[in-house]
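**Student:** In this note's numbering, the protein residues as written are 628 to 1172. Idealized CB from N, CA, C, for every residue including glycine.
1. May I ask you to report which of helix, strand or coil DSSP gives residue 987?
2. Roughly how many whole angstroms lie between the Cα atoms of residue 1015 and residue 998?
3. Quick one: complete alpha helix (DSSP H) runs, 4+ long, within the stretch 778-810?
4. Whole angstroms is fine: what's the gap from residue 765's alpha carbon to residue 743's?
5. Using CA coordinates, which residue listed in 1087, 1077 and 1126 is at the minimum distance from residue 987?
6. Say whether the stretch 877-888 touches the stretch 923-943, bearing in mind that this needs 3 or more beta-carbon pairs closer than 8 angstroms, one atom from each stretch.
7. Please classify residue 1044: does DSSP put it in a helix, a strand, or coil?
8. Using the C-alpha atoms, what's the distance from residue 1011 back to residue 948?
9. Excluding the five sequence neighbours on either side, which residues of its own chain have a C-beta within less than 6 angstroms of the C-beta of residue 1058, listed in chain order?
10. By DSSP, does residue 812 sit in helix, in strand, or in coil?
11. Measure from the alpha carbon of residue 740 to the alpha carbon of each residue in 685, 929, 1165 and 927, then state which is nearest.
12. Determine, using beta carbons only, whether residue 963 and residue 1001 come nearer to each other than 8 angstroms.
13. Does the stretch 1045-1057 come into contact with the stretch 1082-1093, if we say contact requires no fewer than three beta-carbon pairs (one atom in each stretch) closer than 8 angstroms?
14. Grab me the residues of residue 798's own chain with a C-beta within less than 8 angstroms of its C-beta, minus the 5 sequence neighbours each way, in chain order.
15. Quick check: the Cα distance between residue 1049 and residue 918, rounded to an integer number of angstroms?
16. In angstroms, rounded to a whole number, what distance separates the CA positions of residue 626 and residue 638?
17. Would residue 1073 be called buried (16 or more neighbouring beta carbons within 10 Å of its own) or exposed?
18. Are the beta-carbon atoms belonging to residue 785 and residue 838 less than 8 angstroms from one another?
19. Based on the DSSP secondary-structure assignment, which residues constitute the bridge partners of residue 846?
20. What three-state label does DSSP hand residue 665 in the structure shown?
21. Which residues mark the beginning and the end of the alpha helix (DSSP H) in which residue 880 is found?
22. In the DSSP assignment, what are the bridge partners of residue 910?
23. Shortest alpha-carbon distance to residue 1065 belongs to which of 1084, 1008 and 1079?
24. Kindly give me the distance between the Cβ atoms of residue 865 and residue 914, rounded to whole angstroms, as I take these residues to be in contact under 8 angstroms.
25. According to the Cβ coordinates, are residue 971 and residue 1026 closer than 8 angstroms?
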């Protein structure tokens, strides 16, 4: 029964079979072989009757001229040694057909041979090779284990490896570590006979850099056919756009848009986890004077440097943003007010202890507030901002906690213009305002620890302006027939002498206090304006409404 089934299987198998006797004891120099049995698929393949096949050599059906028998001897010897043997044979008699022979030993002196028509596979392979040559995209064939079997020249152009280097290499060895898990998942999808589209990972180049490749792959039998394109430039441009949307280009900190989007996330997290959340508002003191005295390029340098110093004191979880010209805000997750005050103190200390090489000490005013439970953002931000403004109103360069009341122990060292000081004459009022501004800039230079040369230049500017202002003011009030004109003129002369003497002492004596200079300016300039100049205000004609 079994023999009958075997005979039936042999005779009706869809692939050609034949049984070959190999005569190793034949006379002569060559050893002979002959076909002793074939199945119907064999005769169909070669379009011959069985009687025309038996007793013939196998190569009689493959080529017009018999090859050297020694080649067949080696062929069969190899099959004996390896227990099987594969070899492609392209038939001369059947030029359009490519055959794959699988020869294997049976009983001594007998071999079995299975012949397979692989014409279509070879044709597809040739087409694939031709496609690889002309494809403008990266194109490859790989197996399920991740080995490149075929790649085209475009791989070499993009990654730098030669085709020979890439073929038979496992591509997982070239994938960025952070992308390996996603790539494994994509391969699992392919193994389930599902295609992947627009999948992006990073491949290492020969110079060690990585390029982003976008893949499209489809399974085909036991292989995967994949195309890829280099999308590195596109990814980098997208990253630049995303970065530009949330990063302040000058300081490298997060910008106002990011702050407003992130703060609500942090509030939600704090509510969900029932943890504290604090905020610090920061404003650089008298930043306008930096721009006025040194110019905007130095002002930009101060902003960048201040941002870097502030950030260096913070935790990785803290979020610092630039929300205005010289204004910054810090979010401190899971932080109570006492801890937030410590964080503010660290920032305060680094600014005070790290003077700028040109400008000197650049300080800031700090407002600190912990968010109350159920408090909305606007209320919380206002409390923080109000605390910062209290710090500015009480001398600047200080830290104020929200709700804290402060009493100033000294008069402010910077003066703000009071509309009651307007006399009604546009020239005098404009000069008084400018005089106040020059004096405040001088205070800023002395407080910040600027170079003596810079302070000296500002003092010269002050003295020159005061002299010109006094001269201009005297011409105006003389025309008004101000009765105390000569006395006012005498006070001007004394004031110029005193201002020049005190300024010289400040520049040439060590240990002078910046606060002392501030009081000198307040007394000599603003004191004169309030106490003496107001005496002639009533003589100036009132402008018509």
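**Tutor:** Let me lay it out:
1. strand
2. 15 angstroms
3. 780-786 and 790-793
4. For residue 765 and residue 743, the gap between their C-alpha atoms comes out near 33 angstroms.
5. 1077
6. Judged by Cβ distances under 8 angstroms, the stretch 877-888 makes contact with the stretch 923-943, as three or more pairs qualify.
7. coil
8. 15 angstroms
9. 1096
10. helix
11. Residue 685 is the option with its Cα nearest to residue 740.
12. no
13. no
14. 769, 773, 774, 775 and 830
15. 27 angstroms
16. Not covered by the structure: residue 626. The range shown for the chain is 628 to 1172.
17. buried
18. The answer is yes: Cβ separation under 8 angstroms.
19. Assignment of beta-bridge partners to residue 846 by DSSP yields 851.
20. Three-state result, residue 665: strand.
21. Run containing residue 880: none; DSSP gives neither H nor E here.
22. 954 and 992
23. 1084
24. Their Cβ separation, rounded to whole angstroms, is 34 angstroms, which puts residue 865 and residue 914 out of contact at 8 angstroms.
25. yes
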